[in-house]
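Student: Chains as they are written, first to last, in my numbering: chain A, 17 to 406; chain B, 17 to 406. Glycine included, each C-beta is placed from N, C-alpha and C at the ideal position.
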């Protein structure tokens, strides 16, 4: 995929800067997006109207020349790293190489992503290069608007996600119940066992994963708790799966909450309310609406029902205690944000809609779909029923 | 595990700095090591003799109070984030919160890891905090020396690695050969299929993985090429597995090279030479020897046999074109380095020994074990035969 970097050109022009510089391995999505190259060790990408790569290690050089979407691919040794390292420590030698590399392309001033390494920035500054942190995250903002090809990558990852969710749901639905605990083939059915089933299913669909959440009872009351131990009957189990396709590197994201047996009245009410908040948030998604508008739609539902939210109390620890959603792409959490600070939605934004309620005394409930903003509103990339009880 | 941070105390003392500051999510191993807390979004850890955490999002706050190994756990809103964000943009508001947090502990000057985010460093500097990049990577150096508990974590990950390697070897050994291609159950046996088998085995042993290398023929000539497509008979297949235990977060690392059928004479010679280099490097491992010494031992073997190395030619693209090894722990690549710049080995260093030869005209051969430096030399944490042909 050739990204459209015209917004980056405009930014550099406007700021009167010569280039945009990234120093990171390709798990940094700005690096992977700009360079089109996948490497486990940090390398440098300069954008000065062309994409130019600089490798410290010869190891990646040959593959980069074959694979990377770049006008030039060079090595530290091409800029005298060997000589510099006789005179200076390895860090200082690499700053000097980098300054010479920039100089070769007449680049005296660069913007860098906010999380660019401070030692490289300081090293370059000491050598007279102007380095400015791009607090507006121009490349991240470009990444947030997906091309049709990128949307297809997300769609493919979400298909794998649906297969994994079905595998998890089947395990829970078909579990035996003894003394309030779920059993599978005579053994207690644990969070860990369901996660393994999910992850094996994802692998067989070409996806890897950072983590998976299968959280029951008090575990589920903490939105980022991964969950552990035997699953209980009659309690909500939050299953949140966010795989990454290994070939394309694009993510998907989906959550369902299941209950094997009879949920308490409170859990049933929470589920229905969360489904209502989820539908209200979905209804608010359209180009021109802001992330804050969508978040407000979910908060309105909860607050009208008397549930606490972070909007009504910034220190709330129970209730709706996270944002309504986030962008999904090369990163599982990226722009835009569906939160009080969330800006205008644009066609091509791929976002989650994921309201939920949490309280250690009750457990947790969350429903999450993945949608893409379109000219006319949104397309839901998720094809999975919204049902609590199994 | 309570890390021994006395070297960090000494460093801060020597540099006359008030604290050490990390701003990262827990995939940053310095962050995980210092904070003892696992979170997917960036948070701040200050070490000023005590470990102190600051969370931007309330979301992680409750869990951090329960789980983190920290003297204090606080939130941005405790330092007036709400008020600041009415006056300033979200970035500036968070710098002001962070400066107030440091001030609350009388911290005016901090060292930060070299890859600390430049925007945070600049934001703090503008508010009068002194921020110095710690080019010596003090925390990484502390992490490089493992406790017995950490070594056990690596050992456990290596057991999973051995199980996965056996699964891969079995697939290749039991493959049928037709027209020079390996077949499994009537289908061509691909690199991808072997990787899936490896990764499913790892998952079932509690490990995750970033990537796996199963590279045959010309693919194998590039040490970082992951490999793809049908595997060939009579050619070397490099299998390099580097899992991470999901519970402990510690890695293992191992490589074997297999050949189903009859290797060419060159491949057989390369294999024997690489086994010789591997044994020479292992023999050189002991406390007081340097990483450079170990690397030299491997280079000597190759160069005496007339093979090019990066030591003899820094621009070499065939031959022995990487270092002899690296540390393994929370990161799969960490200190110490077994390369020309590699410093003194100490008991507790966990390192790979992994010489190899590469040439697109021949393919690649690599043998890699994982060992821990001990008072008396080293203990090999790898229990897997060294054999080329299957």
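#1: Comparing the C-beta of residue 79(B) with each C-beta of chain E, is any distance below 8 Å?
#2: Counting only beta-carbon separations shorter than 8 Å, does residue 238(B) have a partner in chain A?
#3: Per DSSP, what kind of secondary structure is residue 121(A) in: helix, strand or coil?
#4: Check residue 257(A) in the structure and name its three-state DSSP category.
#5: Going by C-alpha to C-alpha distance, which of 212(B), 261(B), 275(B) sits closest to residue 405(B)?
#6: Sorted by chain position, which residues of the same chain lie with C-beta nearer than 6 Å to residue 289(A)'s C-beta, five sequence neighbours on each side aside?
#7: What does DSSP give as the partner residue(s) for residue 67(A) in the beta ladder?
#8: In its own chain, which residues sit with a C-beta less than 7 Å from the C-beta of residue 183(A), not counting the 5 before and 5 after it?
#9: In chain order, what residues of the segment 354-368 of chain B put their CB closer than 8 Å to some CB of chain A?
#10: With residue 317(A) and residue 296(A) assumed to form a contact (beta carbons below 8 Å), what rounded beta-carbon distance in angstroms separates them?
#11: For a quick check, are the C-beta atoms of residue 265(B) and residue 104(B) less than 8 Å apart?
#12: Below 8 Å on C-beta distance, what does residue 216(B) contact in chain A?
#13: Identify every residue that forms a DSSP beta bridge with residue 10(B).
#14: Is it right to say residue 64(B) is buried, meaning 16 or more other beta carbons lie within 10 angstroms of its own, or is it exposed?
#15: Would residue 98(A) count as contacting chain B if we go by Cβ distances under 8 Å?
#16: Just to confirm, is the Cβ distance from residue 379(B) to residue 283(B) under 8 Å?
#17: Using the beta-carbon of each residue, which ones in chain B are nearer than 9 Å to residue 133(A)?
#18: Answer yes or no: do residue 221(B) and residue 345(B) have a C-beta to C-beta separation smaller than 8 Å?
#19: Which of the three DSSP states is assigned to residue 396(B) in this structure?
#20: Is residue 195(A) helix, strand or coil by DSSP?
#21: Distance check for residue 384(A) and residue 190(A), CA to CA, integer angstroms please.
#22: Beta carbon of residue 478(B), beta carbon of residue 69(B): below 8 Å?
#23: Using only the alpha-carbon positions, how far apart do residue 160(A) and residue 158(B) sit?
#24: Residue 227(A) to residue 208(A), Cα distance in whole Å?
#25: 8 Å is my cut-off, CB to CB: does residue 273(A) come that close to chain B?
#26: DSSP three-state call for residue 328(B): helix, strand or coil?
#27: Expressed to the nearest angstrom, what Euclidean distance is found between the alpha-carbon atoms of residue 269(A) and residue 127(A)?
#28: Using beta-carbon positions only, say whether residue 355(A) and residue 307(A) come within less than 8 Å of one another.
#29: Are residue 243(A) and residue 235(A) closer than 8 Å when you measure CB to CB?
#30: Please confirm whether residue 364(A) and residue 162(A) have their CB atoms less than 8 Å apart.
#31: Name the two residues that bound the continuous beta strand (DSSP E) containing residue 78(B).
#32: Helix, strand or coil for residue 27(B), going by three-state DSSP, please let me know.
#33: Which whole runs of the alpha helix (DSSP H) in the segment 293-350 of chain A are 4 residues long or more, in chain order?
#34: Quick one: which chain A residues come within Cβ less than 9 Å of residue 349(B)?
#35: Alpha carbon to alpha carbon, how far is residue 393(A) from residue 54(B)?
#36: Please report the distance separating the alpha-carbon of residue 334(A) from that of residue 326(A).
Tutor: Quick answer:
#1: Going by chain labels, chain E is absent from the structure shown, which instead holds the protein chains A and B.
#2: Cβ-Cβ to chain A under 8 Å: yes for residue 238(B).
#3: Residue 121(A): coil per DSSP, three-state reduction.
#4: Strand.
#5: It is 275(B).
#6: Same-chain partners within the cutoff: 321.
#7: In DSSP, residue 67(A) forms a bridge with 63(A).
#8: Cβ within range, chain order: 213, 214, 217.
#9: From the segment 354-368 of chain B, only 357 have a Cβ closer than 8 Å to chain A.
#10: Indeed they touch by this definition, with Cβ atoms about 5 Å apart.
#11: For residue 265(B) and residue 104(B), no; Cβs fall outside 8 Å.
#12: Listed along chain A, the residues sitting closer than 8 Å to residue 216(B) by beta-carbon distance are 216, 219, 220.
#13: In the structure as shown, chain B starts at 17 and stops at 406, and residue 10(B) therefore has no counterpart that could be examined.
#14: Around the beta carbon of residue 64(B), a 10 Å sphere encloses 16 or more other beta carbons of the protein chains shown; the residue is thus reported as buried.
#15: Taking a beta-carbon distance threshold of 8 Å, residue 98(A) counts as an interface residue toward chain B.
#16: In contact: residue 379(B) and residue 283(B) (Cβ atoms closer than 8 Å).
#17: Near residue 133(A) (Cβ distances below 9 Å), the residues of chain B are 129, 130, 131, 132, 133, 134, 149.
#18: The answer is no: Cβ separation not under 8 Å.
#19: Strand at residue 396(B).
#20: Here residue 195(A) sits in coil by DSSP.
#21: CA-to-CA, the gap between residue 190(A) and residue 384(A) works out to about 23 Å.
#22: Here chain B covers residues 17 to 406 and nothing more, so residue 478(B) does not appear.
#23: Between residue 160(A) and residue 158(B), the C-alpha separation is close to 38 Å.
#24: Looking at the two C-alpha atoms, the distance is approximately 11 Å.
#25: For residue 273(A), the nearest beta carbon of chain B is not closer than 8 Å to its own beta carbon.
#26: Correct three-state label for residue 328(B): coil.
#27: Computed Cα separation, rounded: 31 Å.
#28: Contact check for residue 355(A) against residue 307(A) passes: the beta carbons are separated by less than 8 Å.
#29: Yes. Within cutoff.
#30: In this structure, residue 162(A) lies closer than 8 Å to residue 364(A) by Cβ.
#31: Boundaries for residue 78(B): no beta strand (DSSP E) harbours it, while the alpha helix (DSSP H) harbouring it runs 77-83, taken from the DSSP string.
#32: DSSP places residue 27(B) in helix when its eight states are reduced to three.
#33: List check, alpha helix (DSSP H) in window: 307-320.
#34: The answer, in chain order, is 56, 57.
#35: Cα atoms of residue 393(A) and residue 54(B): separation of roughly 37 Å, rounded to the nearest angstrom.
#36: Cα to Cα, residue 334(A) sits roughly 9 Å from residue 326(A).
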